[in-house]
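Chains as they are written, first to last, in my numbering: chain A, 79 to 806; chain B, 885 to 1060.
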């Protein structure tokens, strides 16, 4: 028997044992009758409440049909009244923000509406904090570019607007996030780590590559900025809980221990809810600013925090813009009197070490309420100068947001509105769920950055959903947005909005039945990739904002998920190859990199398509543009690739508009890898290789960065030069 | 009832409906349990399975091979669960569905308590590990079949499954 069969046999035995152990619980998990093979619905009916009413009436009690529907109608009228009230309050919002009383009224109205709605069709999708947005913008510092062209920078969407990343360097020192792998240090919640580390390593430019210092930080470190001698670490401290009865804070571990104890003894629904109502979770996003003029001895200068889960950030010159989503549920019932509603449950706060860490509620003047808030969640945006001890400015909008796009002057926050959607033929095709534009509508909020003092400027709604931050681009004052519109007929559109977010031009019905997989706007031109079975690459002419047009189309198998401009008239696409599957559709068949000749807008062409790795090859570049290493001057492009069993950093030479040639691959692992705790769980016969996250080019050295360490290799022959291993 | 050994797509909608219900009846409890383990509560599990069934039926005519029905439906359901998880408030307080808690609180046998503990451990796994583990337990799939559903190399699936089993077993051993 070969190794795989032996391993499979052992796994089967273990799984059988687990299945047997789960049997008593599975028996209690009775499948609802609505899913019974005889009665499960196969076609979507118009879900009016009447049908459900009939079903319930038939099986439960004898309720006269007329009375039932009358009741339904009454409820619907009540709901309409409440919606009107909410509209009234949100419409009177003007430049001066709102009063806290307005916020209380909106909360109470929405809670009353929720009570009514859940009494009728069990709709529970109000809420839904999106923890991690997919957007990560990279910002290249214009000033620094002048002196260090031989240091590769993070791949940003907009020049001059820096984006945070897990590694930053000035050429001499690397600052990298090294979160301890969760499987060795998993907390009870499994969601947050107790400690994270930022490693500070010197590059060969200093003569020797070595670990200079490790900064240990509570919670989960997300990403970093480096500007001159300032290091900004953005982290999510471990969730704490506030015990209302005891009037004290307790840790995540204490909370989950309590939960475990109580799950065993609470015997009814109301006691259960009573127990949990007593605890409110505290989630913060914080930015810590260090002086790293002496990299081996960083000094903490300031810590700024705001309510909520980290979404994204930007750095423009010295102004940091921090965005989080703060769920503020308000632990009170709809019947609560307005004067009894506690402000700290419904208004987000910020904290600054400059003001003794006092929790300050965002002032009413800085709060806006979306016209139709779909969640008790605020998008919180703060602006602060990292180089000065000036106060931060925080604004908040009720109705969250996850995708961020920004340029030097404006920042856009987009919030999808989800609903149950029956996407087209997706079932037979690859379901690439990495980024999912599956929303009915997208709400856009535009903030003017005002050099560190952000303010909401305009807000609008578009049909459909966007893919990621590359779906938007502001050019000459107008915002271009590429969306996929869902519904009975799916198709794609390009909208052009003016500075007040009013639609002034559009292209609709683009590639019906398909959805967008990548977008790149480049000034007066734009490129969109949609996919169903073949990859149409659409070339757009955006010269006239009121009259955008599709000029040309290219159909090729597979699809690109990331587009990168090369030289004038050429475009690089990184994506997937496809092949037919057993279900009459297609499945992924590994990655590929393509060079497109788009000089003739009427007829884009594929110059070359190079397969990468094997059938299952995957790379972070498919969902995160920051994983790209791109050097125009050396004509190189690289990214980390996982293929069956291995993690390597691939580097390709770009052959002047002709295509690509793979010139080298780097893999690495720490010297003591066999002894590491993380390896003990790995399994016996698989050779380990570190998950390389980034590749950075400094002079003629390629540095590959992973959470285990940094390796230096020659960019000419890829021979290893040096390596620093991070302690476990 | 009788099984169809091959799907010939007759013009009759009624025949198609029967064929589909027939195939679905072979897997319906496993599908629900899979969704429940992935999402942690009855309402979401029910919604996810219903959505998957609607989507599957809509595209039923594209299925060429009846043997592929099971993995096809599990694939759709896995993706539905993935989407649902993104929409559920991550700040979820309940680690365990209060419905089940109530039903099982009166007179919990040791075996039932052990099953609940085991379920809790599985619940703590990462999304990928949970997905692979649940496909194995409730779908009865081997590593190479799972690799097609989750679009990951077979070796990766095997090692993740191995690691997940290891984690869960360790925790249980601690308690014994």
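Think of the CB as a built atom: it goes at the ideal place given N, C-alpha and C, for glycine as much as any other residue.
Contact list for residue i against chain A, beta-carbon separation under 8 Å
{"i": "residue 899 of chain B", "result": "Near residue 899 of chain B there are no residues of chain A at all, since even the closest Cβ is about 13 Å away, more than 8 Å."}
{"i": "residue 950 of chain B", "result": "Near residue 950 of chain B there are no residues of chain A at all, since even the closest Cβ is about 11 Å away, more than 8 Å."}
Beta-ladder partner(s) of residue i, from DSSP
{"i": "residue 965 of chain B", "result": "For residue 965 of chain B, which the question treats as bridged, DSSP gives no partner whatsoever."}
{"i": "residue 750 of chain A", "result": "None; residue 750 of chain A has no bridge partner."}
{"i": "residue 642 of chain A", "result": "A:650"}
{"i": "residue 494 of chain A", "result": "A:520"}
{"i": "residue 689 of chain A", "result": "A:670"}
{"i": "residue 617 of chain A", "result": "A:605, A:630"}
{"i": "residue 101 of chain A", "result": "Beta-bridge pairing links residue 101 of chain A to no other residue."}
{"i": "residue 658 of chain A", "result": "A:664"}
{"i": "residue 560 of chain A", "result": "A:572"}
{"i": "residue 798 of chain A", "result": "A:791"}
{"i": "residue 475 of chain A", "result": "A:446, A:457"}
{"i": "residue 599 of chain A", "result": "A:604"}
{"i": "residue 779 of chain A", "result": "A:776, A:792"}
Cβ neighbour criterion (16 or more within 10 Å) applied to residue i
{"i": "residue 375 of chain A", "result": "exposed"}
{"i": "residue 716 of chain A", "result": "buried"}
{"i": "residue 132 of chain A", "result": "Any reading at residue 132 of chain A must be qualified, since the residue scores a pLDDT of 48, below 50, and its modelled position is unreliable; the value itself is stated next. Exposed."}
{"i": "residue 1028 of chain B", "result": "exposed"}
{"i": "residue 976 of chain B", "result": "Any reading at residue 976 of chain B must be qualified, since the residue scores a pLDDT of 44, below 50, and its modelled position is unreliable; no value is offered."}
{"i": "residue 478 of chain A", "result": "buried"}
{"i": "residue 466 of chain A", "result": "exposed"}
{"i": "residue 1037 of chain B", "result": "buried"}
{"i": "residue 792 of chain A", "result": "exposed"}
{"i": "residue 659 of chain A", "result": "buried"}
{"i": "residue 148 of chain A", "result": "exposed"}
{"i": "residue 624 of chain A", "result": "exposed"}
{"i": "residue 100 of chain A", "result": "buried"}
{"i": "residue 844 of chain B", "result": "Residue 844 of chain B lies beyond the range of chain B shown here (885 to 1060); nothing can be said about it."}
{"i": "residue 899 of chain B", "result": "exposed"}
{"i": "residue 377 of chain A", "result": "exposed"}
{"i": "residue 435 of chain A", "result": "exposed"}
{"i": "residue 601 of chain A", "result": "exposed"}
{"i": "residue 182 of chain A", "result": "buried"}
{"i": "residue 749 of chain A", "result": "exposed"}
{"i": "residue 645 of chain A", "result": "exposed"}
{"i": "residue 729 of chain A", "result": "buried"}
{"i": "residue 668 of chain A", "result": "buried"}
{"i": "residue 1022 of chain B", "result": "buried"}
{"i": "residue 642 of chain A", "result": "buried"}
{"i": "residue 506 of chain A", "result": "Summary for residue 506 of chain A: the model assigns pLDDT 40, below 50, so the residue's position carries little reliability; its value from the coordinates is reported in the next sentence. When all chains shown are included, residue 506 of chain A counts as buried."}
Partner residues on chain A for residue i, Cβ-Cβ distance less than 7 Å
{"i": "residue 922 of chain B", "result": "Residues of chain A passing the Cβ test: none, with the nearest at roughly 13 Å."}
{"i": "residue 1020 of chain B", "result": "93"}
{"i": "residue 1045 of chain B", "result": "89"}
Chain B residues whose Cβ lies nearer than 9 Å to that of residue i
{"i": "residue 101 of chain A", "result": "995, 999"}
{"i": "residue 590 of chain A", "result": "Result: empty, since nearest Cβ-Cβ is about 16 Å, beyond 9 Å."}
Residues that residue i contacts on chain B, provided the C-beta gap is smaller than 7 Å
{"i": "residue 663 of chain A", "result": "946"}
{"i": "residue 115 of chain A", "result": "905, 908, 909, 912"}
{"i": "residue 61 of chain A", "result": "For residue 61 of chain A there is no data in the structure shown, the boundaries of chain A being 79 and 806."}
{"i": "residue 107 of chain A", "result": "917, 920"}
Contact list for residue i against chain A, beta-carbon separation under 9 Å
{"i": "residue 1027 of chain B", "result": "82, 85, 86, 89"}
{"i": "residue 1002 of chain B", "result": "96, 99, 100, 103"}
is_contact[residue i, chain D] using C-beta, thresh 8 Å
{"i": "residue 689 of chain A", "result": "Among the chains of the structure shown, chain D does not appear; the protein chains present are A and B."}
Contact list for residue i against chain B, beta-carbon separation under 8 Å
{"i": "residue 92 of chain A", "result": "1049, 1053"}
{"i": "residue 112 of chain A", "result": "930, 934"}
{"i": "residue 666 of chain A", "result": "1035"}
Any contact between the region 410-418 of chain A and the region 323-330 of chain A? By contact I mean 3 or more CB pairs, one from each, below 8 Å.
no
Quick check on the DSSP output: what are the complete beta strand (DSSP E) runs of length 3 or more inside the region 337-410 of chain A, in order along the chain?
357-360, 362-369, 377-385, 387-394, 397-405
Does the structure place the region 90-97 of chain A close enough to the region 1040-1052 of chain B that three or more beta carbon pairs sit under 8 Å?
yes
Taking 8 Å as the cut-off, does the region 280-292 of chain A touch the region 310-329 of chain A (at least 3 CB pairs, one atom from each stretch)?
Counting Cβ pairs under 8 Å, fewer than three are found: no touch.
Okay, do the region 901-915 of chain B and the region 997-1017 of chain B touch, 3+ Cβ pairs below 8 Å being the bar?
Three or more Cβ pairs closer than 8 Å define a contact, and the region 901-915 of chain B falls short of that threshold against the region 997-1017 of chain B.
Using 8 Å as the threshold, is the region 924-935 of chain B in touch with the region 947-955 of chain B, meaning 3 or more CB pairs across them?
no
Determine, using beta-carbon pairs with one atom in the region 375-384 of chain A and one in the region 454-472 of chain A, whether at least three such pairs fall under 8 Å.
yes
Between the region 527-542 of chain A and the region 388-404 of chain A, can you find at least three pairs of beta-carbon atoms closer than 8 Å?
In short, these stretches touch, since the Cβ pair count reaches three.
contact_flag[the region 703-711 of chain A, the region 627-638 of chain A] where n(CB pairs < 8 Å) is 3 or more:
no
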